[in-house]
């Protein structure tokens, strides 16, 4: 029997507890291995047997309390062939998911704004007796109702959903705290004596629980709970979708249409068709500037292909008859005819998408630490509150005293500090990073930044500028170097090839006068020719000029030396006689050496990992004193090297800037993308260096490490506070009003501690 893979869109998940529940239900189905991703709101399912259907799995997710939609199913035969089928339109599902995510973010923001505006007078009047005018308690009661029940509705809704299936999350405790705070306060206001005109309330001193003459209100407690946690939830929701941006950006690179010349059976078509209708063996045309529709082999025509999608390198690949081309690469120059060799799930682009999906759905070492701890903390607090109520009733305390003690336990334990520990520190830390020129994706990044001991560095665009430049000039005969550059640039000025641009830019830097050129001809994939006065000038590949009968023997040794050093050797002949050779190479960033030294200072081992040739890689490694080099590595190879290092016990950071780096970036313990790189690389990365200054990388690691330490301090304080405050509430040392003040103070301490990151 064959195997299958199924992708589901899952709606309604809010935390790690939801993810765990969906995964648990799916993995209970025989023959199913499922990984659920909260950020992308996707479930990726491997089936050992092709007998199960997508509808079966949708039903499992629905019974777990969530909504699911089948996106696609891929059946895999015994030979590894993949056939995609069924499901909803992926674009429609993606659009609906995006719309739902945006609506959720907008809704949380609206609720926060309303909550913040209404909470200011509630908190001020409750905490400062001098502001308490006659009847003030009725005003704050009225203002608190929409805060607690409309603004706080997301917490109540999530708590109810968890309760339906016998589980609890932080939302459960938040909801109970809000309801308990409002319930007690409304009872005290309406029936407990707090509603009389002239009532005042102080937030200082120890209030005895038996003091029923002046019951305490804590509308401000409910208001602070809702307001503080809404801003944290908004920050979380706003960033949740970013983890899936890399995959969406990658798949968007593919062409939508192809100009079909003829079918595999020889039928002529000459029409534009959707790429999805292409079949293996079909022949299609790619015009200059167009995207290659799918993987194939060139049948006719010559051109230059921007293949940085696969190689990550800035030098285009010259192609002609029998040359392989990859889907989603860009045709720079001539028109070519291509025969499709792979389509759909088998294309290089689809394979890269699968690599990225698998890397992204892997589990981080620490995810939603507060939600995981809440699996024990929340039920424990509820049990303690009920036990407090029962014990006080049993020993003969009045009902009001017992109820006050139980509610105080809930209020004092309400996790404002826990809820703020991560988002506030992340907000301040990310602000500091942005001022340094870096963007961080989420809190899970901080753990990885703290632990890495090895860093993989792409060459082009990371350690080098990614811009081709003339590094050396060797003139032959009586020509000077400047004269050689002027002649070569004069002919190349008519070409748009990156090598031509490098030569003309070098001539401009030297300030040389370009000669007048006539009879220009571009020989795609080889070079250019033209006439300067009565002389014929050719500029191009050494081997091409040699094959055409030009006397380039005097240039051979120098051209070999250039090539050995990693440069592209461009030969120049005048009237078929050797005139000179130029070395074109990608220049090393001025700050690269300093950055490598910073890495070593932090105990990181730098490794050069590039798709470029060995000569170019070794030249860069020698200059930067990097001892371990992997050259000529394609996307799959980068992921393999990364996996080998991780299996050896290394914690690995990856720095890159190209689409070819996206899968390795997503699979690394810490991924860093240069801001000058592609959107795919930046979307896949944990940290994006916006200013493209690689010295920002070690600075980012420093700030990330300090941010993680602050988060841990915040969490330690939040739990230590609860360990002290809950027993005090149980024994009647504090009552709801003091509990509210203690809870607010714990939040302020967390915020002040986080603000220390401004100077990190």
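Numbering (the UniProt record's numbering), first residue to last: 1 to 760. Just so it is clear, CB atoms sit at the ideal spot from N, CA and C, and this is done for glycine as well. Note that the coordinates shown come from a computational prediction; the quantities given were computed from them, not determined experimentally.
Excluding five sequence neighbours on each side, which residues of the same chain lie with their C-beta closer than 8 Å to the C-beta of residue i?
| i | result |
| --- | --- |
| residue 13 | 19, 22, 36, 38, 41 and 66 |
| residue 821 | Here the chain comprises residues numbered 1 to 760, so residue 821 is not present and cannot be evaluated. |
| residue 633 | 609, 610, 611 and 641 |
| residue 234 | 105, 108, 109 and 112 |
| residue 268 | 261 and 262 |
Using three-state DSSP, classify residue i as helix, strand or coil.
| i | result |
| --- | --- |
| residue 377 | helix |
| residue 13 | coil |
| residue 304 | strand |
| residue 536 | strand |
| residue 269 | strand |
| residue 763 | This structure gives no information on residue 763, because the portion of the chain shown stretches from 1 to 760. |
| residue 461 | helix |
| residue 243 | In this prediction, residue 243 scores a pLDDT of 39, lower than 50, which makes its location untrustworthy; the coordinate-derived value is nonetheless stated afterwards. Three-state result, residue 243: helix. |
| residue 362 | Because the pLDDT of residue 362 is 44, which lies under 50, any placement of that residue in the model is unreliable, and the question is left without a value. |
| residue 756 | helix |
| residue 847 | Since the first and last residues shown for the chain are 1 and 760, residue 847 lies out of range. |
| residue 593 | helix |
| residue 455 | strand |
| residue 290 | coil |
| residue 219 | helix |
| residue 519 | strand |
| residue 492 | helix |
| residue 134 | coil |
| residue 29 | coil |
| residue 229 | helix |
| residue 204 | In this predicted model, residue 204 has a pLDDT of only 48, less than 50, meaning its place in the structure is not dependable enough to derive any value. |
| residue 18 | helix |
| residue 429 | helix |
| residue 734 | coil |
| residue 801 | Here the chain has residues from 1 to 760 only, and residue 801 is not among them. |
Terminal residues of the continuous alpha helix (DSSP H) containing residue i?
| i | result |
| --- | --- |
| residue 713 | 696-730 |
| residue 198 | No alpha helix (DSSP H) holds residue 198; DSSP gives it neither H nor E. |
| residue 562 | 556-564 |
| residue 543 | 542-547 |
| residue 280 | First-last for residue 280: undefined, no H or E at that position. |
| residue 71 | Per DSSP, residue 71 belongs to no alpha helix (DSSP H); it is in the beta strand (DSSP E), 67-76. |
| residue 253 | Looking at the DSSP string, residue 253 is not in any alpha helix (DSSP H), and its letter there is neither H nor E. |
| residue 64 | Careful: residue 64 lies outside any alpha helix (DSSP H) and carries neither H nor E. |
Locate the beta strand (DSSP E) running through residue i, then write down its first and last residues.
| i | result |
| --- | --- |
| residue 46 | 42-47 |
| residue 162 | First-last for residue 162: 153-164, but that is the alpha helix (DSSP H), not the beta strand (DSSP E). |
| residue 513 | Premise fails: residue 513 is in no beta strand (DSSP E) and is neither H nor E. |
| residue 570 | 568-574 |
| residue 587 | 577-588 |
| residue 472 | 464-475 |
| residue 33 | 32-37 |
| residue 439 | 438-440 |
| residue 257 | 257-262 |
| residue 318 | 317-319 |
| residue 328 | Counting along the chain, residue 328 falls outside any beta strand (DSSP E), and DSSP gives it neither H nor E. |
| residue 337 | 336-342 |
| residue 53 | From DSSP, residue 53 is part of no beta strand (DSSP E); its letter is neither H nor E. |
| residue 689 | 687-689 |
Excluding the 5 residues preceding and the 5 following residue i in the sequence, name in chain order all residues of the same chain whose CB lies nearer than 6 Å to its CB.
| i | result |
| --- | --- |
| residue 208 | Below a pLDDT of 50, predicted positions are generally treated as unreliable, and residue 208, at 42, falls in that range; the measurement from the model is reported next regardless. Hits under 6 Å: none found. |
| residue 531 | 518 and 519 |
| residue 362 | Low local confidence applies: a pLDDT of 44 at residue 362 is under 50, so the model's placement there is unreliable, with the coordinate-based value given in what follows. Within the same chain, residue 362 has no close Cβ partners at all. |
| residue 340 | 278, 280, 282, 294 and 296 |
So is residue i in contact with chain D if we call contact Cβ pairs under 8 Å?
| i | result |
| --- | --- |
| residue 137 | Going by chain labels, chain D is absent from the structure shown, which holds only one protein chain. |
Please confirm whether any heavy atom of the ligand FMN lies closer than 7 Å to the CB of residue i.
| i | result |
| --- | --- |
| residue 105 | Absence of the ligand FMN is noted for the structure shown, with no ligands found whatsoever. |
Whole alpha helix (DSSP H) elements within the segment 601-683, 4-residue minimum:
Runs found: 614-624, 635-647 and 662-667.
At 4 residues or longer, and completely inside the segment 92-128: list those alpha helix (DSSP H) runs for me, N to C.
none
Are there three or more Cβ pairs, one per stretch, closer than 8 Å when the segment 542-554 is compared with the segment 489-509?
Three or more Cβ pairs closer than 8 Å define a contact, and the segment 542-554 falls short of that threshold against the segment 489-509.
Would you check if there are 3 or more beta carbon pairs closer than 8 Å linking the segment 289-309 to the segment 379-399?
No: fewer than three Cβ pairs fall under 8 Å.
Under 8 Å: do the segment 617-632 and the segment 643-658 share three or more Cβ pairs, one atom per stretch?
no
Using a Cβ distance threshold of 8 Å, determine whether the segment 464-480 contacts the segment 700-710, with at least three qualifying pairs required.
no
Kindly confirm or deny that the segment 214-223 and the segment 183-201 touch, where touching means at least three C-beta pairs closer than 8 Å.
yes
Counting beta carbon pairs with one atom in the segment 220-236 and one in the segment 117-124, are three or more of them shorter than 8 Å?
yes
The segment 595-602 / the segment 686-699 touching (three or more Cβ pairs under 8 Å):
yes
Measuring CB atoms only, is the segment 477-485 touching the segment 567-579, in the sense that at least three cross pairs come out at less than 8 Å?
yes
Is there contact between the segment 125-139 and the segment 170-183, where contact requires at least three CB pairs shorter than 8 Å?
No: fewer than three Cβ pairs fall under 8 Å.
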